[in-house]
Amino acid sequence: MSHPPRVWPITLAAIALVLALWVGATEGGLVRDLFLPPPGELWSAFVDLLLNGYKGWSLLAHIGFSLERVGVGFAAGAVVGTLLGLGMGYLPVLDGLAAPFIEFLRPLPQLAYLVLLIVWFGIGETSKIVLLFLAALPVAAVAARDGVRNVSPLRIDVARTLGASRWQIFRHVVFPSALSEIFTGARLAVGIVYATLIAAEIIAGSNGIGWLILDAGRFLRSDYVFVGILLIGLMGIGLDRLLRLAERRVVHWAGK
Amino acid sequence: MTPRIPRRTLLAAGTAAALLPLARARAAAPLKINVGYFVETKPTMIAKGLGWFAQDAKATINWLEMGSGAEINTGIAAGSIDIGMAIGSSPVAAGISQGLPYQLIGMVDNIGPAEEMTVRKAAHIRTPKDFIGKKVATPFGSTSHFRLMGFLALNHLSQSQVTVLDMSPAQIVAAWQRGDIDAAYVWAPAKSKILADGGAVFRTYDVLDKAGYVIADLFVASTGFASKNPGAVTGFLHAYGRALEMYRTQPDAAAKVVAKQAGVSVDVAKTDLAQYDFVPLKTQLLPQWLGQPGKPGQFDAVLVRTAQFLAQQKSIRSAAAIDAFRKATNTTFLANAAS
Amino acid sequence: MRLVLGVISVLSALLLWQGIAAYGVVPRDLLPAPVDVWVAFVAILRHGYRGTSLQQNIFATLGRCLGGFAIALLAGVPLGLWMGMNRRIAAAADWAVQFLRPLPPLSYLILLILWLGMDNTSKVALLALTAFPIIASASMAGVRGVAVQRIDAARCLGASRAQIFRHVVFPAALPMIFTGLRIALAAAFSTVVAAELMAANDGLGWMIFSAEKFLRNDIIVLGIIILGLLGMALNGMLVGIDRAVVHWRGQE
Numbered sequence: 077m078s079h080p081p082r083v084w085p086i087t088l089a090a091i092a093l094v095l096a097l098w099v100g101a102t103e104g105g106l107v108r109d110l111f112l113p114p115p116g117e118l119w120s121a122f123v124d125l126l127l128n129g130y131k132g133w134s135l136l137a138h139i140g141f142s143l144e145r146v147g148v149g150f151a152a153g154a155v156v157g158t159l160l161g162l163g164m165g166y167l168p169v170l171d172g173l174a175a176p177f178i179e180f181l182r183p184l185p186q187l188a189y190l191v192l193l194i195v196w197f198g199i200g201e202t203s204k205i206v207l208l209f210l211a212a213l214p215v216a217a218v219a220a221r222d223g224v225r226n227v228s229p230l231r232i233d234v235a236r237t238l239g240a241s242r243w244q245i246f247r248h249v250v251f252p253s254a255l256s257e258i259f260t261g262a263r264l265a266v267g268i269v270y271a272t273l274i275a276a277e278i279i280a281g282s283n284g285i286g287w288l289i290l291d292a293g294r295f296l297r298s299d300y301v302f303v304g305i306l307l308i309g310l311m312g313i314g315l316d317r318l319l320r321l322a323e324r325r326v327v328h329w330a331g332k
Numbered sequence: 003m004t005p006r007i008p009r010r011t012l013l014a015a016g017t018a019a020a021l022l023p024l025a026r027a028r029a030a031a032p033l034k035i036n037v038g039y040f041v042e043t044k045p046t047m048i049a050k051g052l053g054w055f056a057q058d059a060k061a062t063i064n065w066l067e068m069g070s071g072a073e074i075n076t077g078i079a080a081g082s083i084d085i086g087m088a089i090g091s092s093p094v095a096a097g098i099s100q101g102l103p104y105q106l107i108g109m110v111d112n113i114g115p116a117e118e119m120t121v122r123k124a125a126h127i128r129t130p131k132d133f134i135g136k137k138v139a140t141p142f143g144s145t146s147h148f149r150l151m152g153f154l155a156l157n158h159l160s161q162s163q164v165t166v167l168d169m170s171p172a173q174i175v176a177a178w179q180r181g182d183i184d185a186a187y188v189w190a191p192a193k194s195k196i197l198a199d200g201g202a203v204f205r206t207y208d209v210l211d212k213a214g215y216v217i218a219d220l221f222v223a224s225t226g227f228a229s230k231n232p233g234a235v236t237g238f239l240h241a242y243g244r245a246l247e248m249y250r251t252q253p254d255a256a257a258k259v260v261a262k263q264a265g266v267s268v269d270v271a272k273t274d275l276a277q278y279d280f281v282p283l284k285t286q287l288l289p290q291w292l293g294q295p296g297k298p299g300q301f302d303a304v305l306v307r308t309a310q311f312l313a314q315q316k317s318i319r320s321a322a323a324i325d326a327f328r329k330a331t332n333t334t335f336l337a338n339a340a341s
Numbered sequence: 032m033r034l035v036l037g038v039i040s041v042l043s044a045l046l047l048w049q050g051i052a053a054y055g056v057v058p059r060d061l062l063p064a065p066v067d068v069w070v071a072f073v074a075i076l077r078h079g080y081r082g083t084s085l086q087q088n089i090f091a092t093l094g095r096c097l098g099g100f101a102i103a104l105l106a107g108v109p110l111g112l113w114m115g116m117n118r119r120i121a122a123a124a125d126w127a128v129q130f131l132r133p134l135p136p137l138s139y140l141i142l143l144i145l146w147l148g149m150d151n152t153s154k155v156a157l158l159a160l161t162a163f164p165i166i167a168s169a170s171m172a173g174v175r176g177v178a179v180q181r182i183d184a185a186r187c188l189g190a191s192r193a194q195i196f197r198h199v200v201f202p203a204a205l206p207m208i209f210t211g212l213r214i215a216l217a218a219a220f221s222t223v224v225a226a227e228l229m230a231a232n233d234g235l236g237w238m239i240f241s242a243e244k245f246l247r248n249d250i251i252v253l254g255i256i257i258l259g260l261l262g263m264a265l266n267g268m269l270v271g272i273d274r275a276v277v278h279w280r281g282q283e
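Residue numbers (our numbering), protein chains in the order written: chain A, 77 to 332; chain B, 3 to 341; chain C, 32 to 283.
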């Protein structure tokens, strides 16, 4: 394989094919608009939401609520988790004590303990933020811990021989080396946090884009539901891209 | 020489004889009805608990527990539900407006005071204007939500003045205990729980009913299922008639069954049951309710009003005209069950 | 040593929990004590929960999760490998995979229910769609990550395309594929509780949501603990298979 072929025309063609099938099925009356609204209807629904908002808040406000929750929950969970993970990587005692809880929390379905959090904190912001915090924490912790563990011992020895202090070793050898794993963990965490947030808004909310599709879905307003899903999808892609951008910048700055 | 029966004929006859019971069994295979229902303190639980629905409909019933009337709409649209039991008039108005393939076949009850506004005593809410700045919770999309929106409209209160929160009944109870909300528009058992916990009734139902915000719980059946199995649908309604009769003549025994099915105490069951207006089957056929077969009654006007309100709220795209509701009302089964 | 620390940690947490609940620091109806949860566990083992046995609920949840995961694996690995080997196929399909991937599963559950009905079909489909893009992406990345020199070397030695795939590409991609499988199984397991939110009559998620309606916090906590243990077991199982099969992980 010397020159990769120009492939974006294929992507466009594939998307166009799907769109054509979609239009054909809906305009041709094969599928009721309840199950699959025609693209035209989706566009008017989108414009409607943009101009008139949904049930008291503008579309941007709903999106803003959701992003704000993601931001706060992710930041808190990722920071605390990374710090904990770094500590676990450095101190075997901490690792031994904390590991059972991290390993239990990580695969635990978030919606299951959301119910408990709601019982304790109500359906307001607190329960959601705590949920997102707990969703991000174990992923960030494990990534940071593995990042520390995977640092080449050779590098540490070299630094030590050169007379570096523990802190200097951490700042100039361990941390930059672990950074890429920390960012991989962060990207995984943001995906989990985002999915959890939408689920939380669906189960216990009065605003936000997740709640919007739940409410629209109640009386089967498929047009709003579809627009909401597309927006949620685009937001998810956007969040991931944002993190990748941050990764490129930060890892470059930290030097490798 | 005695004629010998050819082997082939014997084989064919033998196979037929062996398969005959199978064929008979297949033809007599019991009908299966998918019923969406709620765990509630209503006579529906009597007929369910005592097996009367299955008995009178001559079918096995696949009971699907629902979280809301909207879920019943989704289930019928998806083809997973044949009969919806105690679905609220709000979701029904929405469903018929959207052309969902079902018919209104009967009433479970006329709700009246059973769904009502409960306010926290400590919030000092005496008049409608006192709601300004307060937090009121209700399950969105329900008949209670419809009533609450009607209350706000009648009193010229906007949602920027009164914070309306979307909560399930269980969430309302929890939020009430935590002091997160000042009022709630909801039904039993949540209503009784918050009432007992520092709550007071804020009467709205009679004013709202007079203004046309009548709410009811209804029976619906998917059109396809009903046309193929009219006997089963009739039997189903007949079983409910029996349950109403038992509640009328033996209220204590009835309350016991309801209590067991709903997982509440007998006293709670009795209190909750007393708040509903369970319209007898024969009365449902009168013009003020569903009307005789072919002569749809005034309840359709209620549904139109409900649909128009929902359209105004943008919950549905548009309200159907009264003709659509008339067409969707089919009391043939009710008439047969009541006779 | 690690095991000892872990045991100490868990035991102290349990004691602390029992203390907080028993001495009313937090109201007992809000936070059931470990003892209460145990009592609920025994009761459900004996009498079931609202007509369903504990085994039934566990198997229902596991069945949905593993069923969806299996479908995603059978569809995702071949497609991912193909996308990795063939840039045209990747161009035609990857955009859909990358759109589906970050899409929160609960957001499109109602569509699946509308299209596929309220029984297990829509739930298994949800889980399959959750796991599929993760597995396909990982498989594609695994193939793409194979060092070009290795493929060239094999080609120089006269290997056919099929042989190159079987002996060079596939083994080199396997670690990445398995990482994807682990993430996908975790995602599917997380999502199965969401799938049991609507129109379910059994399963551990259903049990928890139902217990909330009846204000049985002890059953909620019980459900959470069982789910946590199951999740750990599933993950551990996959890690074990990973180590056994991909024993060349990490080697250059």
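Don't be surprised by glycine CBs; every beta carbon is placed ideally from N, CA and C. The model shown is predicted, which means the values in this text are computed figures rather than measured ones.
Query	Result
Integer-rounded CB distance, given that A/V156 should sit under 8 angstroms from A/L208	Incorrect: roughly 12 angstroms between the Cβ atoms, too far for contact.
8 angstroms Cβ cutoff, C/E283 in contact with chain A	Note that C/E283 has pLDDT 47, beneath the 50 cutoff, so the model's placement of it is unreliable and the number below is only indicative. Closer than 8 angstroms: no.
Residue from A/L126, A/V148, A/L93 and A/Y189 with nearest C-alpha to C/I257	A/Y189
Beta-carbon proximity check, A/P183 vs C/F220, cutoff 8 angstroms	yes
Span separating the alpha-carbon of A/A335 from that of C/L134	This structure leaves residue 335 of chain A out entirely; chain A is present only between 77 and 332.
Chain A contact for B/I89 (CB, 8 angstroms cutoff)	no
Residues from the segment 148-169 of chain C in contact with chain B, defined by Cβ distance under 7 angstroms	G148, M149 and D150
Chain A contact residues for C/F72, given Cβ-Cβ distances below 9 angstroms	Per Cβ cutoff of 9 angstroms: no residues; C/F72 is ~16 angstroms from chain A at best.
N-terminal and C-terminal residue of the beta strand (DSSP E) that A/A175 is part of	Careful: A/A175 lies outside any beta strand (DSSP E), inside the alpha helix (DSSP H) at P168 to L181.
Where the alpha helix (DSSP H) containing C/S241 begins and where it ends	L235 to K244
According to DSSP, residues forming a beta bridge with B/G201	B/R122
Burial state of C/N117, where buried means 16 or more other Cβ atoms lie within 10 Å	exposed
Interface flag, C/A122 vs chain A, CB-CB below 8 angstroms	yes
Buried versus exposed call for B/I134 [16 or more other C-beta atoms within 10 Å across all chains shown]	exposed
B/I196 and B/T120 closer than 8 angstroms at C-beta	yes
Interface residues of chain B facing A/G145 [CB-CB closer than 8 angstroms]	The amino acid at residue 145 of chain A is misidentified as Gly; the sequence shows Arg. The premise fails here: A/R145 is roughly 16 angstroms from chain B at the closest Cβ pair, so nothing lies under 8 angstroms.
For B/T206, the three-state DSSP class (helix, strand or coil)	coil
B/L33 - partner residues in DSSP beta bridges	B/A61
Below-8 angstroms beta-carbon distance, C/N117 vs any chain E residue	No chain E is present in this structure, whose protein chains are A, B and C.
8 angstroms contact criterion, which B/A343 and B/I318 should meet: CB distance rounded	The structure shown does not extend to residue 343 of chain B, since chain B spans only 3 to 341, so no value can be given for it.
Member of C/A230, C/W237, C/L34 and C/K244 whose CA lies at the smallest distance from the CA of B/E67	C/A230
Residue closest to B/S144, alpha-carbon to alpha-carbon, out of B/Y215, B/G101 and B/L336	B/Y215
Among B/K50, B/Y207, B/W189 and B/E73, nearest to B/I63 - alpha-carbon criterion	B/K50
Extent of the continuous alpha helix (DSSP H) run through B/A321	First-last for B/A321: undefined, no H or E at that position.
Residues bridged to C/Y80 [DSSP beta-bridge criterion]	C/T83
For A/L318, three-class secondary structure by DSSP	helix
Beta-carbon neighbours of A/L296, restricted to chain B and to distances below 9 angstroms	A72, N75, T76, A79, A96, G97, Q100, L102 and I318
Cα-Cα separation between C/G82 and A/I305, rounded to whole angstroms	36 angstroms
Burial state of C/W279 (16 or more Cβ within 10 Å)	exposed
Cβ contact check for the segment 170-179 of chain C and the segment 204-214 of chain C: 3 or more pairs under 8 angstroms	yes
Terminal residues of the alpha helix (DSSP H) in which C/A178 lies	From DSSP, C/A178 is part of no alpha helix (DSSP H); its letter is neither H nor E.
Distance between A/S256 and A/K332 (C-alpha atoms, nearest Å)	At A/K332, the pLDDT of 45 sits below 50, so the modelled position is not reliable and the matter cannot be decided from this model.
Selection from A/R317, A/R294 and A/I313 that minimises the alpha carbon distance to C/L142	A/R294
Distance CB(B/L220)-CB(B/L33) smaller than 8 angstroms	no
Where C/N88 falls: helix, strand or coil (DSSP)	helix
Cutoff 7 angstroms; reference A/M77; Cβ partners in own chain excluding five residues on either side	Because A/M77 sits at a pLDDT of 46, beneath the cut-off of 50, its placement in the model cannot be relied upon, and the point is left open.
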